[in-house]
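Report on the following structure.
There are 2 protein chains.
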Amino acid sequence: MKFNKNLESISTYEAGKPIELVVREFGIDAKDVVKLASNENPYGCSIKVQNAVGAILANMALYPDDSMIKLKNAISLRFGVESSNVIIGSGSDQVIEFLMHAKANSSSKILVNSVTFAMYEIYAKHVGAKIIKTASQKHDLDEFYKIYKEQKPEIIFLCTPNNPTGDAIDRDELFEFIEKIDSDTLVVVDGAYMEYAIAKDSSKEISAKELVNKFSNVIYLGTFSKAYGLGGMRVGYGIADEKIIKELYKLRPPFNITTLSLEAATIALSDEEFVQKSVTLNFEQMKRYEEFALEQKIDIINSYTNFVTLCLNNNQNSTEISNSLLQKGMIVRNLSGYGMNAIRVTVGTKDQNSRFFELLKQCL
Amino acid sequence: MKFNKNLESISTYEAGKPIELVVREFGIDAKDVVKLASNENPYGCSIKVQNAVGAILANMALYPDDSMIKLKNAISLRFGVESSNVIIGSGSDQVIEFLMHAKANSSSKILVNSVTFAMYEIYAKHVGAKIIKTASQKHDLDEFYKIYKEQKPEIIFLCTPNNPTGDAIDRDELFEFIEKIDSDTLVVVDGAYMEYAIAKDSSKEISAKELVNKFSNVIYLGTFSKAYGLGGMRVGYGIADEKIIKELYKLRPPFNITTLSLEAATIALSDEEFVQKSVTLNFEQMKRYEEFALEQKIDIINSYTNFVTLCLNNNQNSTEISNSLLQKGMIVRNLSGYGMNAIRVTVGTKDQNSRFFELLKQCL
Numbered sequence: 053m054k055f056n057k058n059l060e061s062i063s064t065y066e067a068g069k070p071i072e073l074v075v076r077e078f079g080i081d082a083k084d085v086v087k088l089a090s091n092e093n094p095y096g097c098s099i100k101v102q103n104a105v106g107a108i109l110a111n112m113a114l115y116p117d118d119s120m121i122k123l124k125n126a127i128s129l130r131f132g133v134e135s136s137n138v139i140i141g142s143g144s145d146q147v148i149e150f151l152m153h154a155k156a157n158s159s160s161k162i163l164v165n166s167v168t169f170a171m172y173e174i175y176a177k178h179v180g181a182k183i184i185k186t187a188s189q190k191h192d193l194d195e196f197y198k199i200y201k202e203q204k205p206e207i208i209f210l211c212t213p214n215n216p217t218g219d220a221i222d223r224d225e226l227f228e229f230i231e232k233i234d235s236d237t238l239v240v241v242d243g244a245y246m247e248y249a250i251a252k253d254s255s256k257e258i259s260a261k262e263l264v265n266k267f268s269n270v271i272y273l274g275t276f277s278k279a280y281g282l283g284g285m286r287v288g289y290g291i292a293d294e295k296i297i298k299e300l301y302k303l304r305p306p307f308n309i310t311t312l313s314l315e316a317a318t319i320a321l322s323d324e325e326f327v328q329k330s331v332t333l334n335f336e337q338m339k340r341y342e343e344f345a346l347e348q349k350i351d352i353i354n355s356y357t358n359f360v361t362l363c364l365n366n367n368q369n370s371t372e373i374s375n376s377l378l379q380k381g382m383i384v385r386n387l388s389g390y391g392m393n394a395i396r397v398t399v400g401t402k403d404q405n406s407r408f409f410e411l412l413k414q415c416l
Numbered sequence: 053m054k055f056n057k058n059l060e061s062i063s064t065y066e067a068g069k070p071i072e073l074v075v076r077e078f079g080i081d082a083k084d085v086v087k088l089a090s091n092e093n094p095y096g097c098s099i100k101v102q103n104a105v106g107a108i109l110a111n112m113a114l115y116p117d118d119s120m121i122k123l124k125n126a127i128s129l130r131f132g133v134e135s136s137n138v139i140i141g142s143g144s145d146q147v148i149e150f151l152m153h154a155k156a157n158s159s160s161k162i163l164v165n166s167v168t169f170a171m172y173e174i175y176a177k178h179v180g181a182k183i184i185k186t187a188s189q190k191h192d193l194d195e196f197y198k199i200y201k202e203q204k205p206e207i208i209f210l211c212t213p214n215n216p217t218g219d220a221i222d223r224d225e226l227f228e229f230i231e232k233i234d235s236d237t238l239v240v241v242d243g244a245y246m247e248y249a250i251a252k253d254s255s256k257e258i259s260a261k262e263l264v265n266k267f268s269n270v271i272y273l274g275t276f277s278k279a280y281g282l283g284g285m286r287v288g289y290g291i292a293d294e295k296i297i298k299e300l301y302k303l304r305p306p307f308n309i310t311t312l313s314l315e316a317a318t319i320a321l322s323d324e325e326f327v328q329k330s331v332t333l334n335f336e337q338m339k340r341y342e343e344f345a346l347e348q349k350i351d352i353i354n355s356y357t358n359f360v361t362l363c364l365n366n367n368q369n370s371t372e373i374s375n376s377l378l379q380k381g382m383i384v385r386n387l388s389g390y391g392m393n394a395i396r397v398t399v400g401t402k403d404q405n406s407r408f409f410e411l412l413k414q415c416l
């Protein structure tokens, strides 16, 4: 059977190894496996969320409220925008998928940072669009502007803080950059880790409200998968001018968020204390990574997120090291696929981090 | 901002009114609102599923196992196929979305029954494909074949039992039909309500295993939203030759099923007793609809599902009647949008059905 031509260039996405597979493959006891590979919240999720979801388990039989009125109201309130400025996706991934299908096609160009979230490129391939990457590893907005002028891309992705490097763009630079972009180019500001960045350095804070009030061609993306501790529930959102939201809504499949996920995300927004506590603990533990890196003479990228990127030395190989770690039951993300001799490690709990330091020392 | 041209012909999907909106709009107490509009399982979901999901609420923080190994194994076992024959979607809707994007594009034709599940047409519009409909209201496979020969569609959708009419195609007729279709045309057999049909009449049973063993160009769709009572959890599946599955997998977003939904669906498959009980109660209650229709001199379509379609008489208007019912707190589906002067009613519990009969009598 013949399929559409653009599928030829798409390879199936391989997610990080789940704990179960490591248990089976290496015969390690499940309780000895530590996964610091997917930037989940190591403190789990709010107990208020667990209680609320536990109370409505019988509702699994009922289709989700497709108006998502409660969650949309909670998000609008949180960001000071209108409900008509909000679209909710099955992870912010799905909002990326919507905007790719709404704005791009096989004759489009998409501008992204050289090293950034892999899904931008994957969804670009779905529509057959051409990906253009910067040369710089850090977001260099001068380089972005130069390429923009030459290539006139349909969409520009700015990921801040950036995954998988952890660095962030200054607010003022970002706003100056967007002002120079014509109003028919869609600028995506992906703030999946923004809750962490804000706590570390207010000059990195990008306000969705300010973006939407100022620009008709920008969409801000956020997620419940990181600081809110709901990686398993698949809820993300986009905030933009209502004209953009209206077009994306046309591509939204009905009932794209489960009944339990709607409840979980709504209640998560009412427990900011949990988020703040998670963020505080995160940066306390991150200091230990900075000290460890200094001690081991490994470069570490200054991170505004809940992960750190360790840039290994020339005599160290990220693929070999991450494989050795895996065999010891420590799952981290090897960045060789991004052209970097580096590993990305989620900042875990105190014990998880201690274990990581111990195991990594054995591999160096 | 300009968007892709095909968006111009897409209107935003409007789901049925959730109970909350009826409460707000008509000031009816929530406990007096009955929703028989979305073909949910009126007996809820298995208590085993509720207990299993309740036990892993802390796992909401963890990304779903993207290999879906447990659920895929459970589905393969249930249907006697290989795990490589299975793809899991966020509802069978999402599998429809995958196959549309994999096989169709703006120069494609899609053949569907005149009255059938609305999402086929919606996803066809997403890729700009042309929808061709039969004239017959019931699936007439001779008509399908005639149109197929003339138009050479890329995809043919057969929905059996059919939504929103409830009638079903005979197994032998369906197999004879597919044998005449060339191997580059994808035939979709949507069995969302198959658990009900099998219980009522074995000649309507379409075996996914038999389809896959016999044809390389067929995909069977199933769902956990109906008989399994998990409408809120968004889990469906496609079963096909592994060559088809491999292509669809390229379009699957990672983590498309939540952590709790994977658990719910896996455990649901281990409690067939719940399903069988739901199906038995369904047909016991459906007899009351048949008697009611006879008594009220309304035509009813012989249904192989958990809903009935009441075809109203000329002096009765489905829009007026469904609005009157809504104001009394009874939510049903008006089929005027399908060109039918009819209402579709989910067969509810004994009490829900008694209430429906009482209220409908007031409206006739």
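Those sequence lines, one after another, are chains W and D. Reminder that position 313 of the first sequence reads as 365 in my numbering, one-by-one numbering, no gaps. Reminder that position 88 of the second sequence reads as 140 in my numbering, one-by-one numbering, no gaps. Don't be surprised by glycine CBs; every beta carbon is placed ideally from N, CA and C.
Every beta strand (DSSP E) stretch that sits fully inside the segment 179 to 245 of chain D and reaches 3 residues is listed by chain position as 182 to 185, 207 to 211 and 238 to 242. Secondary-structure assignment with DSSP links K161(D) through a beta bridge to K182(D).
The beta carbon of T401(W) lies closer than 6 Å to those of P94 in the same chain, with the five residues before and after it left out. Per DSSP, reduced to three states, the secondary structure at F409(W) is helical. Annotation for K87(D): I71 and I383 place their beta carbon closer than 7 Å to its own, counting only its chain and skipping 5 residues before and after. Taking 8 Å as the threshold, the shortest C-beta distance from Q102(W) to chain D falls below it.
In this structure, R340(D) lies away from F307(W), with their beta-carbon atoms at least 8 Å apart. If you check the CB distance, N91(W) and F276(W) do not come in under 8 Å. For the segment 196 to 211 of chain D, the set of residues with a beta-carbon nearer than 8 Å to any beta-carbon of chain W is empty.
Taking CB atoms only, D236(W) has a neighbour in chain D less than 8 Å away. As computed with DSSP, F276(D) is found in no beta bridge at all.
For K295(W), a Cβ of chain D is located within less than 8 Å of the residue's own Cβ. Judged by DSSP in its simplified three-state form, N265(W) adopts helix. Contact between the segment 290 to 303 of chain W and the segment 251 to 270 of chain W is present: 3 or more CB-CB pairs across the two stretches fall below 8 Å.
Neighbours of Y289(D) across chain W, judged by C-beta separation under 9 Å, do not exist; the nearest C-beta is about 16 Å away. Of all alpha-carbon atoms in K54(D), G218(D), E60(D) and K57(D), the one lying nearest the alpha-carbon of I353(D) is that of G218(D). DSSP, read as helix, strand or coil, puts R304(D) in coil. Taken through DSSP and simplified to helix, strand or coil, G400(W) comes out as coil. For the pair of segments examined, the segment 146 to 155 of chain D was found not to touch the segment 131 to 138 of chain D: the number of CB pairs separated by less than 8 Å stays below three. S370(W) has its alpha-carbon roughly 12 Å from the corresponding atom of L378(W). Between the alpha carbons of G243(W) and G274(W) lies a gap of roughly 5 Å.
Interface flag for M382(D) against chain W is unset, since no Cβ pair is found closer than 8 Å. Under the Cβ distance rule, F307(D) counts among the residues neighbouring chain W, one pair being separated by less than 8 Å. F359(W) is bridged by DSSP to T398(W).
The C-alpha of Q348(W) is placed about 48 Å away from the C-alpha of L300(W). In this chain, V138(W) is not harboured by any alpha helix (DSSP H); it is covered by the beta strand (DSSP E) spanning V138 to G141. The contact set of Q379(D) on chain W, defined by CB atoms closer than 8 Å, is empty, because the minimum CB distance reaches about 19 Å. By the neighbour-count definition (other C-beta atoms within 10 Å, threshold 16), D117(D) is a buried residue. Counting along the chain, the unbroken alpha helix (DSSP H) around A154(W) starts and ends at S144 to K155. Within 10 angstroms of the beta-carbon of A107(D) lie fewer than 16 other beta-carbons, which makes it exposed.
Between K177(W) and I62(W), the C-beta gap is smaller than 8 Å, which places the two residues in contact. When 7 Å is used as the limit between beta carbons, E299(W) is near these residues of chain D: F55 and L59, in chain order. Straight through space, the alpha carbons of E257(D) and L193(D) are spaced by roughly 17 Å. For G106(D), the enclosing alpha helix (DSSP H) stretches over residues I99 to G106. For the set T398(D), Q414(D), T332(D) and N334(D), the Cα lying nearest the Cα of Q368(D) is the one of Q414(D).
The C-alpha of S374(W) is placed about 45 Å away from the C-alpha of G180(D).
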